[in-house]
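Number of protein chains: 2
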Amino acid sequence: MVQEFSESQRIVYYDTEITGCVGIGKLVDMMMLISEDHSASVGVTNEKVQSYGLGWVVTQHIVDITRLPKANEIVKITTKAENYNPFFCYRNFWVYDENGKELAKMHSVFVLMDQTKRKITRMQPELIEPFEAEYTKKIERLPLPKGPTVPDKKQEYKVRFMDIDANQHVNNVHYFDWMLDSLGADFLKTHTLKHMNIQYKQEIYYGQTAISEAQVDGVNTYHKIRVDDNPNCVAECLWTNN
Amino acid sequence: MVQEFSESQRIVYYDTEITGCVGIGKLVDMMMLISEDHSASVGVTNEKVQSYGLGWVVTQHIVDITRLPKANEIVKITTKAENYNPFFCYRNFWVYDENGKELAKMHSVFVLMDQTKRKITRMQPELIEPFEAEYTKKIERLPLPKGPTVPDKKQEYKVRFMDIDANQHVNNVHYFDWMLDSLGADFLKTHTLKHMNIQYKQEIYYGQTAISEAQVDGVNTYHKIRVDDNPNCVAECLWTNN
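Residue numbers (UniProt numbering), protein chains in the order written: chain A, 1 to 242; chain B, 1 to 242.
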């Protein structure tokens, strides 16, 4: 039986956008918080992971959205570390409204990163077994997001001091903001996000400038964040017209 | 007896900065949330205020910080609408740690803004009396922040779609981020904020570019946010050396 972990959280006005709904980056942050709390609850605290010279890093999120919750709604977030192989751990998340209706779900890929070598390492039994996830030799063949081929939008965002969180990384929310803001208000006010597949390739540091390129093709948008010629983050979104 | 209202809130990692502590802008957001909850608890909801064609607007915050709380601390925030005169309402806030030790306090000035004329209006008895604040004819003579005279720092920040919250304004946190980020990491990593006096003069809208100018004079910093030649927001900070 794979262990499940849940927590309730209130959506507050400062986590919402002009639409009155929480932003997708903030919702992903909330899910990541639940995964940290889950880890701590089974004794795999950040401090313990760090004592091995390692850190959990997300390489991909695939998010499906039924409805983004509004300010003052209480949502329940549930997560499971579903299964793992020698290099990857797959985690699922579900967000529910107060009536138990599913608002969003997310499938995420976690790896263990060697903090000095900055390289992916093998799963450590002491850090993965407490989740009671299923071991499998199979590596999931997840769809990879396509970036823009001929970008029609481009914006630059200089990384701010406040963009780095207590985990010493550019917080998740900023990648989402850089990607979606580049689409502009005309698009964002007339479309609703239904699906996002985002892949993280390379970290971004304080002082660097993130170049956000996007391409709009009807209700599909393609995104790339880069500092130089190599992509740091790629994503693909599916929207509906309002 | 002036009514008091309190709520507890957890500091989460994505509300913190590289220091591990919550950012000042986020802490002010948390205090403002408590003031909204206080208002709702006495029947003065945002919807009720809007039904009068009005909205509460903050013109000034004066914050004193003993210690900014870290990720996973539970803080208690208390507020009181202390007193009011025909045009201004003065509200106090206190932030306490789990042992009841004061971490920060804030004194804030609220006005009622006519939403169509964009002008300050007189206090409405139905919107102010439920707080049981003391009526006084006296207008407080609060110290006004001095902006930079000869700015030595300047950064530009284009307002993003996500900077506008459900209240349809650039969220508080961004003014603080624009002001403090312009000081740079060298200053921010070696200094701790103890006092901030911030005055809001004019709204900033989506698509505008905020120009953040600052001047450093030892442990005093002076800030101005402007879009054109007129200041939109002015602040003065006092820091200690780490």
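Note that the Cβ used here is the ideal one computed from N, Cα and C, for glycine as well.
Assigned secondary structure, residue i (DSSP; H/G/I helix, E/B strand, else coil)
i                    : result
asparagine 46(B)     : helix
phenylalanine 93(B)  : strand
alanine 104(A)       : strand
residue 243(B)       : No statement about residue 243(B) is possible, as the shown extent of chain B runs from 1 to 242 and does not include it.
asparagine 172(A)    : helix
lysine 201(B)        : coil
valine 116(A)        : Correcting the residue type first, residue 116(A) is threonine in the shown sequence and not valine. Residue state, collapsed to three classes: coil.
glutamate 129(A)     : helix
phenylalanine 161(A) : helix
alanine 81(B)        : strand
lysine 146(B)        : coil
serine 8(B)          : strand
threonine 19(A)      : coil
serine 41(B)         : helix
serine 212(A)        : strand
tyrosine 14(B)       : helix
isoleucine 139(A)    : coil
phenylalanine 88(B)  : coil
leucine 183(B)       : coil
threonine 59(A)      : strand
leucine 193(A)       : strand
leucine 238(B)       : strand
leucine 68(B)        : coil
aspartate 152(B)     : coil
glutamate 73(A)      : coil
aspartate 217(B)     : strand
glutamate 36(B)      : helix
Under 8 Å by beta carbon: chain B residues contacting residue i
i                : result
arginine 160(A)  : Asp177 and Asp181
glutamate 36(A)  : Tyr13
glutamine 168(A) : Ile18
glycine 23(A)    : Met162
aspartate 97(A)  : Those do not exist, as aspartate 97(A) stays about 17 Å from chain B at its closest Cβ, beyond 8 Å.
Check: residue i C-beta below 6 Å from any heavy atom of the ligand SAM
i                    : result
phenylalanine 187(A) : The ligand SAM is absent from the structure shown, which contains no ligand whatsoever.
Under 7 Å from the C-beta of residue i: neighbouring residues of chain A
i                 : result
aspartate 29(B)   : Tyr14
asparagine 171(B) : Tyr14
leucine 103(B)    : Those within 7 Å of leucine 103(B) in chain A number zero; the least Cβ separation is about 17 Å.
glutamate 152(B)  : Position check: residue 152(B) holds aspartate in this sequence, whereas glutamate was assumed. The contacting residues do not exist; aspartate 152(B) stays about 17 Å from chain A at best.
Neighbouring residues, chain A, relative to residue i (Cβ below 8 Å)
i              : result
alanine 185(B) : Phe161, Tyr206 and Gly207
Cβ distance (whole Å) where residue i is taken to contact residue j below 8 Å
i                    : j                 : result
tyrosine 222(A)      : glycine 147(A)    : 6 Å
leucine 238(B)       : valine 216(B)     : Their Cβ separation, rounded to whole angstroms, is 12 Å, which puts leucine 238(B) and valine 216(B) out of contact at 8 Å.
glutamate 213(A)     : lysine 153(A)     : 7 Å
phenylalanine 176(A) : glycine 23(A)     : 7 Å
aspartate 29(A)      : asparagine 172(A) : 5 Å
glycine 95(B)        : leucine 27(B)     : At residue 95(B) the sequence reads valine, which differs from the glycine that was named. With a Cβ gap of about 7 Å, valine 95(B) and leucine 27(B) count as contacting.
proline 145(B)       : valine 234(B)     : 5 Å
Contact list for residue i against chain B, beta-carbon separation under 7 Å
i                : result
leucine 188(A)   : Phe161
leucine 142(A)   : The premise fails here: leucine 142(A) is roughly 25 Å from chain B at the closest Cβ pair, so nothing lies under 7 Å.
aspartate 114(A) : Near aspartate 114(A) there are no residues of chain B at all, since even the closest Cβ is about 22 Å away, more than 7 Å.
Contact set between residue i and chain B, taken where Cβ atoms lie within less than 9 Å
i             : result
leucine 33(A) : Val12, Tyr13 and Tyr14
Taking one C-beta from the region 159-179 of chain A and one from the region 192-212 of chain A each time, how about it: are there three or more such pairs within less than 8 Å?
yes
Quick check: the region 59-77 of chain A against the region 11-30 of chain A, are at least 3 beta-carbon pairs closer than 8 Å?
yes
Any contact of the region 80-96 of chain B with the region 133-150 of chain B, i.e. 3+ C-beta pairs under 8 Å?
yes
Contacting positions in the region 195-229 of chain A - beta carbon closer than 8 Å to chain B:
Tyr206 and Gly207
Contact between the region 181-201 of chain A and the region 35-43 of chain B is defined here as three or more beta-carbon pairs at a separation below 8 Å; is this criterion met?
no
Under 8 Å (Cβ pairs) to chain B, residues found in the region 47-75 of chain A
Lys70 and Ala71
Per the contact definition of three or more C-beta pairs closer than 8 Å, is the region 113-120 of chain B in contact with the region 43-59 of chain B?
yes
Taking 8 Å as the threshold, find out whether the region 121-139 of chain B comes into contact with the region 59-66 of chain B through three or more Cβ pairs.
no
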